[in-house]
Amino acid sequence: MATTDAFAGLECVDCGAIVDAAESHRCPDCGGSLDPTYDYDAIDLDRETLAARPFDSQWRYAELLPFDRESAVTTNEGATPLVDCPELADELGVERVYIKDEGRNPTGSSTDRGASVAVTAAARDGATDVALPSPGNSGQAVAAYAARAGLDSHAYLPSRSGFTNKAMVNVHGGDMNVVGGRYGDAAGAFEEGLDEHDDWYSLAAFATPYRHEGAKTMAYEIAEQLEWEGPDVIAYPTGAGTGLVGLAKGARELRELDLIDELPALYAAQASGCAPIVEAVEDDREEHEPVEHPDTICGELEIPDPAASPRVLDAIRETGGGAVATDDPDILESAVQVAKSTGLELIPSAAAAASGAWELAERGAFDGDETVVIVNTGSGNKEADVLRSHLMSQGV
Ligand SMILES: [Zn+2]
Numbered sequence: 013m014a015t016t017d018a019f020a021g022l023e024c025v026d027c028g029a030i031v032d033a034a035e036s037h038r039c040p041d042c043g044g045s046l047d048p049t050y051d052y053d054a055i056d057l058d059r060e061t062l063a064a065r066p067f068d069s070q071w072r073y074a075e076l077l078p079f080d081r082e083s084a085v086t087t088n089e090g091a092t093p094l095v096d097c098p099e100l101a102d103e104l105g106v107e108r109v110y111i112k113d114e115g116r117n118p119t120g121s122s123t124d125r126g127a128s129v130a131v132t133a134a135a136r137d138g139a140t141d142v143a144l145p146s147p148g149n150s151g152q153a154v155a156a157y158a159a160r161a162g163l164d165s166h167a168y169l170p171s172r173s174g175f176t177n178k179a180m181v182n183v184h185g186g187d188m189n190v191v192g193g194r195y196g197d198a199a200g201a202f203e204e205g206l207d208e209h210d211d212w213y214s215l216a217a218f219a220t221p222y223r224h225e226g227a228k229t230m231a232y233e234i235a236e237q238l239e240w241e242g243p244d245v246i247a248y249p250t251g252a253g254t255g256l257v258g259l260a261k262g263a264r265e266l267r268e269l270d271l272i273d274e275l276p277a278l279y280a281a282q283a284s285g286c287a288p289i290v291e292a293v294e295d296d297r298e299e300h301e302p303v304e305h306p307d308t309i310c311g312e313l314e315i316p317d318p319a320a321s322p323r324v325l326d327a328i329r330e331t332g333g334g335a336v337a338t339d340d341p342d343i344l345e346s347a348v349q350v351a352k353s354t355g356l357e358l359i360p361s362a363a364a365a366a367s368g369a370w371e372l373a374e375r376g377a378f379d380g381d382e383t384v385v386i387v388n389t390g391s392g393n394k395e396a397d398v399l400r401s402h403l404m405s406q407g408v
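Residue numbering for the sequence shown follows the numbering used here, starting at 13 and increasing by one per position.
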């Protein structure tokens, strides 16, 4: 299985050591987590070259990924539409609003991007079994890509995960462990499982260097879809932080390659019932403090102890972004309002990004000439029951 020409191995985010990609998921020197690194001088990629390629999958950017397209475990994830929403721009009082509709990925969420890259790495590294804890969507995605690669998969989902996630892990033939309680309980059960099985290859967020690496292709697509002009702001629903860290890296790489001039300001959107990143930003801390009693209807955002928070906070600071939390009823109402005015179906957790954008507008965060992208990380279909119960609570 071939790595790409510019891929230079894995770099420790703590001490800078370069590790051979096949060896480890942790820095042998300091135990830090690893990040794929590249020789950018060896990458010859310009706007015309990209424009000449079909917009068909995230692997059209293979020069900037660790593995070539021929060896990728892929179902053509990525290449999702960026939908112009002028009615939302009017409401927010900005120039343009687009929704990046990640719900149109193969298993209906943005996690397909990272699952594709991470399962490709697992297959290359000779793994027989991949395993992860997940609030839901990433468990479904990994089960799908593992199935395609012929690997066994083990997902640990909290009992509160959506029916679709649980059903589809089973449908893909994955080993499903439903753990009573919340995400923290599932993560604990996963760690026990990992301890008991020497042959399991972890695909937990940031344990593998490759999930956020897949997520970075969202930044490439958004920039290219806006013809390399902007956006000014990206609002992203944030749980573990793979998406936000990936977006920051992708944007940084585009700047390194002179494809864009400025990084978009990245805003982490969370739910008030579990907002460790927002609290850390407000207190100007370098890392989060765990949320003791997380409670939000947005399961994908209910990550009370996001281990990679320093990297998420770096991404926010480096891009001049911020963080915003809104309440569950406002989040669900945003999903309904967006569905009514644009026809697009937001997963409740992603509606936190829409709701967060409204909150930012109310706070006067926008000048009026911005282009704002709201990322819909999953298909509203996955949690139609949650959206419907919100309507019923409103007496509809
Ligand atoms: Zn290190």
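Just so it is clear, CB atoms sit at the ideal spot from N, CA and C, and this is done for glycine as well.
From ILE343 to GLU314, what does the alpha carbon distance come to, in whole angstroms?
14 Å
Just to be sure I understand the criterion: a residue counts if its Cβ is closer than 5 Å to at least one heavy atom of ligand 1. Which residues meet that?
CYS24, ASP26, CYS27, ALA29, CYS39, ASP41, CYS42, GLY44
Which of the three DSSP states is assigned to GLY162 in this structure?
coil
For THR220, which beta-bridge partners are listed by DSSP?
ALA217
Could you name the residues that DSSP lists as bridge partners for GLY390?
SER121
Simplified DSSP assignment, three categories, for LEU100
helix
Count the other C-beta atoms from every protein chain shown that fall within 10 angstroms of the C-beta of ARG79, then say buried if there are 16 or more, exposed otherwise.
At residue 79 the sequence reads Phe, which differs from the Arg that was named. Buried, since its Cβ has 16 or more Cβ neighbours within 10 Å.
Can you tell me the Cα-Cα spacing of ASP207 and ALA198, whole angstroms?
14 Å
Since I believe GLY226 is in contact with SER128 (beta carbons under 8 Å), could you give me their beta-carbon distance rounded to a whole number of angstroms?
6 Å
Rounded C-alpha distance that separates GLU236 from GLU107:
19 Å
Roughly how many angstroms lie between the CA atoms of TRP212 and HIS166, to the nearest whole one?
9 Å
Rounded to a whole number of angstroms, what is the C-alpha to C-alpha distance between VAL183 and HIS305?
33 Å
Could you give the distance in angstroms between the alpha-carbon of ARG65 and the alpha-carbon of LEU259?
22 Å
Which residue wins for smallest C-alpha separation from CYS286, given the options GLU241, ALA247, ALA364, LEU356?
ALA364
Within this structure, are the beta carbons of ASP124 and HIS209 separated by less than 8 Å?
no
What residues match up with GLY334 in a beta bridge as DSSP calls it?
TYR279
Using beta-carbon positions only, say whether VAL191 and ALA161 come within less than 8 Å of one another.
no
HIS37 versus GLU395 - alpha carbon distance
33 Å
Are the segment 326-342 and the segment 149-163 touching, with three or more C-beta to C-beta distances below 8 Å?
no
Starting from ILE343 and walking both ways along the alpha helix (DSSP H), at which residues does that stretch end?
340-354
Is the separation between the beta-carbon of GLU114 and that of VAL387 shorter than 8 Å?
yes
With DSSP as the reference, identify every bridge partner of ASP141, one or two as the case may be.
ASP164, TRP212
Tell me whether THR229 sits in a helix, a strand or coil according to DSSP, three-state version.
helix
Starting from the Cα of ASP244, find the closest Cα among GLN70, VAL385, THR254 and give me that residue.
VAL385
So, does the segment 264-276 touch the segment 215-225, judging by three or more C-beta pairs under 8 Å?
no
Terminal residues of the alpha helix (DSSP H) in which THR15 lies
First-last for THR15: undefined, no H or E at that position.
Taking the alpha-carbon of ASN393 as reference, which of ALA29, CYS97, ARG116, GLU82 has the nearest alpha-carbon?
ARG116
Quick one: grab the DSSP three-state call for SER45.
strand
Can you pull the DSSP bridge partners for LYS112?
LEU94, VAL387
I'd like to know whether the C-beta atoms of THR412 and LYS112 end up nearer to each other than 8 Å.
This structure cannot settle anything about residue 412, because the visible part of the chain is limited to 13 through 408.
For ASP381 and GLY242, what's the separation of their Cα atoms in angstroms?
11 Å
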